[in-house]
Amino acid sequence: MTTKLAWRNLAHDRVRLVVTLVGIVFSVVLMGMQSGLLVGFTRTTTGLVDNARADLWMVPKGTLDVDLGGPLDERRRYQALAVSGVAKAEPYLVNFARWKKPDGGTESIQLVGHQLGDVLGGPWSLETGSVDDLRRPDGVIVDRLYAAKLGVSAVGDTVEINGRRARVVGFTRGIRTFTQSPYVFTSLPNAREFVGLPSTTVGYVLLALAPGADAAAIEAEIEARIPEVEVYQSAAFAESSSSYWLFTTGAGFSLIISALLGLVVGIVIVAQTLYASTIDRLPEYATLKAMGAPNSYLYRIIVTQAGIGAVIGYAAGIVIVIGLVFASREASAAPVLPVSLALGLGALTLVMCIGAAVLSIRKVMAIDPVGVFR
Amino acid sequence: MTAILRATDIRHVYGSGPTAFEALRGVSFEIQRGEVVLLLGPSGSGKTTLLQVIGGLLRPTSGTLTLAGQSLDGLDLEALGRVRLANFGFVFQAYNLFPTLTAAENVEVALDLIGIRGAPARRRSRELLAEVGLAEKADSFPAHMSGGQKQRVAIARALAADPAVVLADEPTAALDSHSGAKVVGLFRRLADQGRAVVIVTHDSRILGAGDRIVEMEDGVVVPGTHAAGAHGPDAQGAHA
Ligand SMILES: Nc1ncnc2c1ncn2[C@@H]1O[C@H](COP(=O)(O)OP(=O)(O)OP(=O)(O)O)[C@@H](O)[C@H]1O
Ligand SMILES: [Mg+2]
Numbered sequence: 004m005t006t007k008l009a010w011r012n013l014a015h016d017r018v019r020l021v022v023t024l025v026g027i028v029f030s031v032v033l034m035g036m037q038s039g040l041l042v043g044f045t046r047t048t049t050g051l052v053d054n055a056r057a058d059l060w061m062v063p064k065g066t067l068d069v070d071l072g073g074p075l076d077e078r079r080r081y082q083a084l085a086v087s088g089v090a091k092a093e094p095y096l097v098n099f100a101r102w103k104k105p106d107g108g109t110e111s112i113q114l115v116g117h118q119l120g121d122v123l124g125g126p127w128s129l130e131t132g133s134v135d136d137l138r139r140p141d142g143v144i145v146d147r148l149y150a151a152k153l154g155v156s157a158v159g160d161t162v163e164i165n166g167r168r169a170r171v172v173g174f175t176r177g178i179r180t181f182t183q184s185p186y187v188f189t190s191l192p193n194a195r196e197f198v199g200l201p202s203t204t205v206g207y208v209l210l211a212l213a214p215g216a217d218a219a220a221i222e223a224e225i226e227a228r229i230p231e232v233e234v235y236q237s238a239a240f241a242e243s244s245s246s247y248w249l250f251t252t253g254a255g256f257s258l259i260i261s262a263l264l265g266l267v268v269g270i271v272i273v274a275q276t277l278y279a280s281t282i283d284r285l286p287e288y289a290t291l292k293a294m295g296a297p298n299s300y301l302y303r304i305i306v307t308q309a310g311i312g313a314v315i316g317y318a319a320g321i322v323i324v325i326g327l328v329f330a331s332r333e334a335s336a337a338p339v340l341p342v343s344l345a346l347g348l349g350a351l352t353l354v355m356c357i358g359a360a361v362l363s364i365r366k367v368m369a370i371d372p373v374g375v376f377r
Numbered sequence: 006m007t008a009i010l011r012a013t014d015i016r017h018v019y020g021s022g023p024t025a026f027e028a029l030r031g032v033s034f035e036i037q038r039g040e041v042v043l044l045l046g047p048s049g050s051g052k053t054t055l056l057q058v059i060g061g062l063l064r065p066t067s068g069t070l071t072l073a074g075q076s077l078d079g080l081d082l083e084a085l086g087r088v089r090l091a092n093f094g095f096v097f098q099a100y101n102l103f104p105t106l107t108a109a110e111n112v113e114v115a116l117d118l119i120g121i122r123g124a125p126a127r128r129r130s131r132e133l134l135a136e137v138g139l140a141e142k143a144d145s146f147p148a149h150m151s152g153g154q155k156q157r158v159a160i161a162r163a164l165a166a167d168p169a170v171v172l173a174d175e176p177t178a179a180l181d182s183h184s185g186a187k188v189v190g191l192f193r194r195l196a197d198q199g200r201a202v203v204i205v206t207h208d209s210r211i212l213g214a215g216d217r218i219v220e221m222e223d224g225v226v227v228p229g230t231h232a233a234g235a236h237g238p239d240a241q242g243a244h245a
């Protein structure tokens, strides 16, 4: 009966119902898109690290972000290999460079060089071409998302990187960059050539550990042996990279603020319409109280009203979010909606609506049933 | 015969300090099953206040209240709520029906409160509406009913828990004489079924319907009216 009453109370005033639902949908979409972008950006900023398959990253001391790594002497690699438990230590390079399009314009790129023939580092999600084609002294692989920006469209297109001729030998799909300087993959020797670094210089050393090795102990041991470097476990470096971009640039902060704004707008609208519909029913609620209904009975009506609004609003909102996520999958800043985020959003919507019911609950709690006889 | 409801030396003071107002100044009142008592008196004489006290809605400043021999003094609000739910039916001048629920559903809310739900509730609500002569209006919304019909729905709702005492405040004030007479006839029948009925009224048209008239003035019962008497000779006359 409380559910029926709640639904009738909601449905009774169509305009108010629409306002309530629009408010909830707006809130769900805003929260969903902003947090989806946050997740998308986080994945973008950690893409290189997450897909390098390294257990540990040896980085120049003070490095916070994978996109901004300083040079490292390749000898560090052999020092790391001497530590027991380290199975592999591979050089890796990430460096900004200037890309000259075939038609003449220039773009800034992030050149990523890895050791060919090795499992650590290198491009993933390959769509056309093969990593082996990077053996060509001028071979590079770019992402399809940035093909237009980089002025290339097919394997065989030639461009210039820092004034040297380069040739597109393959495309990846869906590898975004947060800095808007697209990642361009090539071999380590090619990368050194393009950037003009000596053959003894690397950017990072990617480490793979022997099965059962103690990552934390090895991390500590390398840091103790080689004071010039820091060692991160892969997840920690990913975390450091994403918080560097999201929080030192303010991008993450503004996304979180917008998501919170959505929450606040939702709470305000739902609280207001729910309160108005509660005020409309005060004499009836007072009557129920006079008849002997416990307060909990009245709360149930109001909370159910809020819950119904949450369920309908969330269902409509999440469909819109999924549509927007789908529509922007090719954009350079793409929101992502993992299942956990969708579920979290649902829970948050419910909490939001029920939180918005507090005002109304306080109102019915204060009803004096004596008031029905006047 | 023992009284189903007995109020003894009830005093009630609204507010405190210089604005305090003593609305009931030592009222004693009792009623038995089968009786319809009309509570009369000028505006402000304390009728509603007395009804609130005997209905367990308002705790008096002093005095004692017993229901079927059990004292209600000192019960907390929750316990009083349970007492009301099980023993009292309330009827108001403004009906106070949920406009978004049909007649039957309004009755079902009251049944829901005492734990009767689903098919039994639907069956029972229709029986109660039939009892007040509204079987054919079960699926109508209050907006599509006359005042008298709404008041009868409210009475059906008040009967959901089969209460021993029915309390009504100005139940006919908003009704035309024909509807008012029907409602009063219903109250008469409720009393004949063994309930005690107290009606606060200004409505001279229904004076004949009571077994007893209790008149109030300035917070006391006017001497000579039958605040405690059982069926008196004149009341018996009205019964006919
Ligand atoms: N909540 C309150 N606070 C202060 N005074 C009140 C309150 N309720 C009633 N009173 C006062 O108590 C007195 C009795 O009120 P009550 O409502 O019982 O009168 P009544 O006989 O029912 O009058 P009416 O016929 O107008 O309904 C009145 O003077 C009224 O102003
Ligand atoms: Mg009154």
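One line per chain: the protein sequences are C and L, in this order. The working numbering puts the last residue of the first sequence at 377; the count rises by one with no breaks. The working numbering puts the last residue of the second sequence at 245; the count rises by one with no breaks. Here a beta-carbon is modelled for each residue, glycine too, at the ideal position from N, C-alpha and C.
Same chain, Cβ closer than 7 Å to residue i, neighbours up to 5 away in sequence not counted
i                     : result
residue 8 (chain L)   : 35, 36 and 37
residue 244 (chain L) : Residue placement at residue 244 (chain L) cannot be trusted, given a pLDDT of 38 that sits under 50; what the coordinates show is reported in the next sentence. Counting only Cβ-Cβ distances below 7 Å, and skipping sequence neighbours, we find 216.
residue 368 (chain C) : 298
residue 125 (chain C) : 117, 134 and 188
Beta carbon proximity, residue i to chain C, threshold 7 Å
i                     : result
residue 152 (chain L) : no
residue 57 (chain L)  : yes
residue 10 (chain L)  : no
residue 117 (chain L) : yes
residue 63 (chain L)  : yes
residue 90 (chain L)  : yes
residue 97 (chain L)  : yes
residue 174 (chain L) : yes
Distance, residue j Cα to residue i Cα
i                     : j                     : result
residue 87 (chain C)  : residue 213 (chain C) : 9 Å
residue 241 (chain L) : residue 150 (chain L) : Residue placement at residue 241 (chain L) cannot be trusted, given a pLDDT of 39 that sits under 50; what the coordinates show is reported in the next sentence. Their backbone Cα atoms lie some 34 Å apart in a straight line.
residue 91 (chain L)  : residue 75 (chain L)  : 14 Å
residue 37 (chain C)  : residue 332 (chain C) : 15 Å
residue 139 (chain L) : residue 345 (chain C) : 50 Å
residue 52 (chain L)  : residue 73 (chain L)  : 22 Å
residue 106 (chain C) : residue 154 (chain C) : 7 Å
residue 238 (chain L) : residue 226 (chain L) : Reliability fails at residue 238 (chain L), whose pLDDT of 38 lies under 50, so the model's placement of it is uncertain and the value that follows must be treated cautiously. Spanning the two alpha carbons is a distance of roughly 20 Å.
residue 58 (chain C)  : residue 32 (chain C)  : 37 Å
residue 147 (chain C) : residue 176 (chain C) : 5 Å
residue 189 (chain C) : residue 254 (chain C) : 29 Å
residue 167 (chain C) : residue 197 (chain C) : 6 Å
residue 75 (chain C)  : residue 327 (chain C) : 43 Å
Beta-carbon contacts of residue i that lie in its chain and below 8 Å, excluding the five residues immediately before and after
i                     : result
residue 52 (chain C)  : 60, 69, 237, 240, 241 and 244
residue 20 (chain L)  : 26
residue 266 (chain C) : 30, 34, 351 and 355
residue 281 (chain C) : 288, 305, 363, 366 and 367
residue 112 (chain C) : 99, 100, 101, 102, 153, 164, 184, 185, 186 and 187
Under 8 Å by beta carbon: chain C residues contacting residue i
i                     : result
residue 83 (chain L)  : 297
residue 114 (chain L) : 4, 8 and 291
residue 86 (chain L)  : 292, 295, 296 and 297
residue 53 (chain L)  : 376 and 377
Cβ neighbours of residue i in the same chain (closer than 6 Å, five flanking residues each side left out)
i                     : result
residue 313 (chain C) : 352, 353 and 356
residue 236 (chain L) : In this predicted model, residue 236 (chain L) has a pLDDT of only 45, less than 50, meaning its place in the structure is not dependable; the value taken from the coordinates is given anyway. The residues are 216.
residue 58 (chain L)  : 15 and 65
residue 60 (chain L)  : 93 and 172
Chain L within 7 Å of residue i, Cβ atoms only
i                     : result
residue 279 (chain C) : no
residue 1 (chain C)   : Any question about residue 1 (chain C) goes unanswered here, given that chain C covers just 4 to 377.
residue 375 (chain C) : yes
residue 287 (chain C) : yes
Within chain C, the residues that residue i reaches when beta carbons sit closer than 9 Å
i                     : result
residue 110 (chain L) : 4, 7, 8 and 11
residue 122 (chain L) : 4
Neighbouring residues, chain C, relative to residue i (Cβ below 7 Å)
i                     : result
residue 105 (chain L) : 11, 12 and 15
Residue i Cβ short of 6 Å to ligand 4 heavy atom set
i                     : result
residue 302 (chain C) : For ligand 4, the structure offers nothing, since it holds only ligand 1 and ligand 2.
Chain-ordered neighbours of residue i on chain L, where CB pairs are closer than 9 Å
i                     : result
residue 405 (chain C) : Outside the shown range of chain C, which is 4 to 377, sits residue 405 (chain C), and nothing can be said about it.
Chain L contact residues for residue i, given Cβ-Cβ distances below 8 Å
i                     : result
residue 372 (chain C) : 62
Who sits around ligand 2, taking every residue whose Cβ is closer than 7 Å to one of its heavy atoms?
-> C:376, C:377, L:52, L:53, L:174, L:175 and L:205
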